[in-house]
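Report on the structure given below.
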Amino acid sequence: MDQVQKSSKAARGTVTCDNSTMHLLKANDFVAESIRKQMASQNTLMINITSSAGSGKTTLLQETARRIGDKINMKILVGDLETERDADRLRDVGVDALQIVTGGICHLEAQMVWQAMENLDLDGVDLLIVENVGNLVCPASFDLGEDYRVTLIATTEGDDKPKKYPRMFLTSELMLVSKVDLLPYLPFSVDAVVADARDVNPNIDVLEISSTANVGIDEWCDWLLERVEEKKGVATAAKV
Amino acid sequence: MHEISLVRSIFNTLEAEFSAEELGRLNTIELQVGLLSNVEPVLMQNAFEAVTTAENKFREVSLRVNTVPIEIHCADCGVNSTISDYKFVCASCGRPNNNVVKGMELLIHRVHFDEEAGAPLT
């Protein structure tokens, strides 16, 4: 604030506010930063996975757990408005998963992740994946303290989505074009969706995947494992 | 997106920054809302009206929502460009660029207080 303190002269007229104190998502960003610090201190890579509902986040994570679940110590937090269904599906493939039921809230906030982390043993965990609520709008604005944001877009959704939901694609490091096994049946162009996403975010990486037809899953797992190693490398380098 | 909770966040923020006496003289709140903030000004106004009515506070206060266009900064040219149609390129050199310097805002930019309680600012 313009040097306005409660104890001193009372505010009158027009007061121009300090952008850092009057930022409306300040509370979220503060908690997100605490999560980031904790993850850094224990060398855990944290990934925030976002997409529309039904684009295949949970199916991809099931497949991911089958591939690399025994190579690294991974855990998953999964957000939904109601039900334990996704966490059950993930536990079915042997991964330690915890459901965050938002009770109607359309996105995860850092505070919800922080609370859930208290109920999840993160000791020695290499990779914490947070599967966000299926929604391309609100989750884009809420930093959860993640290292990377990964957004899925299914071939069934249409290739014109990135510019309709620009903030999500702008703030993601990787776009996974999912359900590519259905491409022969759909009017969806991978080139068009990549061009649209790169208009918004020229630096976004792209992988084409199908969890059910086993396309691109190795590349996705390699992408993850490289970054898990990187996070460990940073930690080792910092200790020297 | 979730304008009701944002309105509550406005109240909490103001209550943390200003005294009850000062807030009793609060006349206008000005928000800066970037085009990338996913906030719809009309819905924000509706939510503000709904919450002030429901909680019976700040009922005489008006809300101004100012939108902020998207602007990027090109490190090569040193030029800022305004983005239209969500095509993130530098207007000077034409290179792709997503170094957003404006347009993500979601903040209370200015607040206007009356001199005395009950005396509206003219």
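Going line by line, the protein sequences match chains U and E.
With the first letter of the first sequence counted as 1, position 167 gets the number 167 in the UniProt record's numbering; the numbers rise by one all the way through.
With the first letter of the second sequence counted as 1, position 73 gets the number 73 in the UniProt record's numbering; the numbers rise by one all the way through.
Ideal Cβ placement from N, Cα and C applies to all residues, glycine included.
What are the complete beta strand (DSSP E) segments, minimum 3 residues, inside the region 149–191 of chain U? 174–178
Within chain E, partners of Thr14/U - CB distance below 7 Å: Arg110 and His112
Which residues in the same chain as Thr59/U place their Cβ atom closer than 6 Å to its Cβ, once the five residues preceding and following it in sequence are excluded? Ser211
Okay, do the region 47–67 of chain U and the region 144–157 of chain U touch, 3+ Cβ pairs below 8 Å being the bar? yes
Whole alpha helix (DSSP H) elements within the region 62–110 of chain U, 4-residue minimum: 85–92
Of the choices Thr64/U, Thr102/U and Met117/U, whose alpha-carbon is the least far from that of Gly94/U? Thr64/U
Does chain E have any CB closer than 8 Å to the CB of Arg167/U? yes
Can you name, in chain order, every residue of its own chain whose Cβ lies under 7 Å from the Cβ of Leu26/E, other than the five neighbours on each side? Phe58, Val61, Val111 and Phe113
Top-ranked residue by Cα proximity to Asp147/U, from Ala27/U, Lys231/U, Asn19/U and His107/U: Lys231/U
Beta-carbon separation of Met175/U and Ala197/U under 8 Å? yes
For Ile4/E and chain U, any beta-carbon pair shorter than 8 Å? no
Short Cβ contact (8 Å threshold) for Ile217/U with Arg67/U: yes
Delimiting residues of the beta strand (DSSP E) encompassing Phe113/E: Leu106 to Phe113
Based on the DSSP output, what are the partners of Gly13/U in its beta bridges? Phe113/E
Could you say if the region 19–32 of chain U and the region 10–23 of chain E meet the contact criterion of at least three C-beta pairs nearer than 8 Å? yes
Simplified DSSP state of Leu35/E, which is helix, strand or coil: coil
Measure the C-alpha to C-alpha separation of Ser7/U and Pro202/U and round it to an integer number of angstroms. Any reading at Ser7/U must be qualified, since the residue scores a pLDDT of 44, below 50, and its modelled position is unreliable; no value is offered.
Taking all protein chains shown into account, do 16 or more other C-beta atoms lie within 10 angstroms of the C-beta of Gln62/U, making it buried, or fewer, making it exposed? buried
Can you list, in chain order, the residues of its chain with a C-beta nearer than 6 Å to that of Glu3/E? Leave out the 5 residues immediately preceding and following it. Leu43, Met44 and Ala47
Helix, strand or coil, according to DSSP, for Cys138/U in the structure here? helix
DSSP three-state assignment for Glu60/E, whether helix, strand or coil: coil
Just verifying my parser: in three-state terms, what is the DSSP assignment at Met44/E? helix
Could you give the first and the last residue of the continuous alpha helix (DSSP H) run that contains Glu22/E? Ala20 to Gly24
Name the chain U residues whose beta carbon is nearer than 8 Å to that of Asn98/E? Leu170, Val200, Asn201, Pro202 and Asn203
Buried versus exposed call for Asp143/U [16 or more other C-beta atoms within 10 Å across all chains shown]: buried
Ala10/U burial status per 10 Å Cβ neighbour count (16 or more: buried): exposed
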